[in-house]
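Notes for the one structure printed next.
There are 2 protein chains.
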Amino acid sequence: MPHSTSAPRLGDLERVVMEHLWEAATAAGAGFGGATVREVHDRLSGEREIAYTTVMTVLDRLAKKDLVTRERDGRAWRYFPADTREALTAQTMRRTLDDMEVTDRRTALLHFLDGATSDELDDLKAALAEIESRAGPQPSP
Amino acid sequence: MPHSTSAPRLGDLERVVMEHLWEAATAAGAGFGGATVREVHDRLSGEREIAYTTVMTVLDRLAKKDLVTRERDGRAWRYFPADTREALTAQTMRRTLDDMEVTDRRTALLHFLDGATSDELDDLKAALAEIESRAGPQPSP
DNA sequence: CACCTCTACGACGCGGTGTAGTTTGGGAGA
DNA sequence: TCTCCCAAACTACACCGCGTCGTAGAGGTG
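Sequence order for the protein chains is G and A.
For the first sequence, this note's numbering gives the first residue as 1, with consecutive numbering after it.
For the second sequence, this note's numbering gives the first residue as 1001, with consecutive numbering after it.
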């Protein structure tokens, strides 16, 4: 039984392709975005040599892993990231935390914060405050 | 060039073996611990069928990935986890955050916290407080 | 010496990923 | 209508990581 982990991991090229989809999504002003195989291929061709079908295969696999969705656009498919970069990052981090079956979570988080810049700590505090306010003000214990 | 990511990811069996090393480390009261191939194999044999050399190979690969260290113990090697489970977890989480080249880190962290239990939030706050106190009391800005 | 135990090294199968060629189906123009 | 082009679909292949062992040596012990 050769390994499982049930976690869709990104390869190098897959990541690059996701980059372009994310860029396309933000560039198109939230509402739309996405890209066809040809569009992604054209962009990648500017940076390195790569076959059209290679891009197609990658997009296809990403779709099978539910990392992207697709809609018809004429005869071609238009691919969209299923999650934002931030959401995917968070998911992956969470999966790590869960998979490792850490008993002493506080210590793990402490180690994590050890490597954090003060900017990052600020980001974290901001996020924490946001969550708390969303959950409603806590009664003082 | 088939992928790289410079990230030592754990397979299923590798993880199981690490479990045993971590257990051995804590069971031995901080100071020592570690385990030989035979010890790990004996323990695994109780749960499933597995060859001695399989365990050896895994330990070997873990050593090459610097996830364990080893010292001579008679004719055998004694293997020690290079990091605690918590430290490794934190490392992996951090690597994810860095690799994904997230620009909006705050949003990513927000997504991360979205999936957190309130226990986990408490752990995080405790860790955060610890870091802050360690860095010395901040002068009010 | 014979034996036992450990290490070192190599091997094989399988799935994932990078990479691409070949086949097929359907619109668009001559 | 017939042809050509484009995009999709399918297939293929190599390489690497990991689970899985086997075999060959080396070095103590009875």
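Even for Gly, the Cβ is constructed at its ideal location relative to N, Cα and C.
As the structure is a prediction and not an experimental result, all values here were calculated from the model.
Q. Quick one: which chain G residues come within Cβ less than 8 Å of Gly1033 (chain A)?
A. Under the 8 Å cutoff, chain G gives no residues; its nearest Cβ is about 16 Å from Gly1033 (chain A).
Q: List the residues that DSSP assigns as beta-bridge partners of Glu1014 (chain A).
A: For Glu1014 (chain A), which the question treats as bridged, DSSP gives no partner whatsoever.
Q. Should the region 120-137 of chain G be called in touch with the region 1048-1059 of chain A, which here means at least 3 C-beta pairs below 8 Å?
A. no
(Q) Just checking: is the beta-carbon of Leu109 (chain G) within a distance shorter than 7 Å of some beta-carbon in chain A? (A) yes
Q: Report the rounded CA-to-CA distance for Leu124 (chain G) versus Ala24 (chain G), giving the unit in angstroms.
A: 28 Å
Q: Using 10 angstroms around the beta-carbon of Ala1027 (chain A), count the other beta-carbons present and answer buried if the total reaches 16, otherwise exposed.
A: exposed
(Q) So with CB distances below 7 Å, who are the chain A contacts of Asp104 (chain G)? (A) Glu1086
Q | Close beta carbons around Pro8 (chain G), own chain, < 8 Å, minus the five adjacent residues each side | A | Lys65, Asp66 and Leu67
Q: Count the C-beta pairs between the region 1103-1111 of chain A and the region 98-110 of chain G that are closer than 8 Å, then say yes if the count reaches three, no if not.
A: no
Q | Test: Ala126 (chain G) CB closer than 7 Å to a CB of chain A | A | yes
Q: Can you tell me which of G:Asp60, G:Ser118 and G:Met93 puts its alpha carbon nearest to the alpha carbon of Thr1096 (chain A)?
A: G:Met93
Q | Supposed close pair Glu14 (chain G), Val58 (chain G) - CB separation, criterion 8 Å | A | 6 Å
(Q) Suppose you measure from the CA of Asp1122 (chain A) to the CA of Arg1134 (chain A); what does that come to, to the nearest Å? (A) 18 Å
Q | Phe1080 (chain A), enclosing beta strand (DSSP E) - first and last residue | A | Ala1076 to Pro1081
Q. What's the C-alpha gap between Thr115 (chain G) and Asp1098 (chain A)?
A. Note on identity: in this sequence residue 115 (chain G) is Gly, with Thr being the wrong assignment. Going by the C-alpha atoms only, they are around 11 Å apart.
Q) Using a C-beta to C-beta distance shorter than 7 Å, which residues of chain G count as neighbours of Arg1094 (chain A)? A) Phe112 and Gly115
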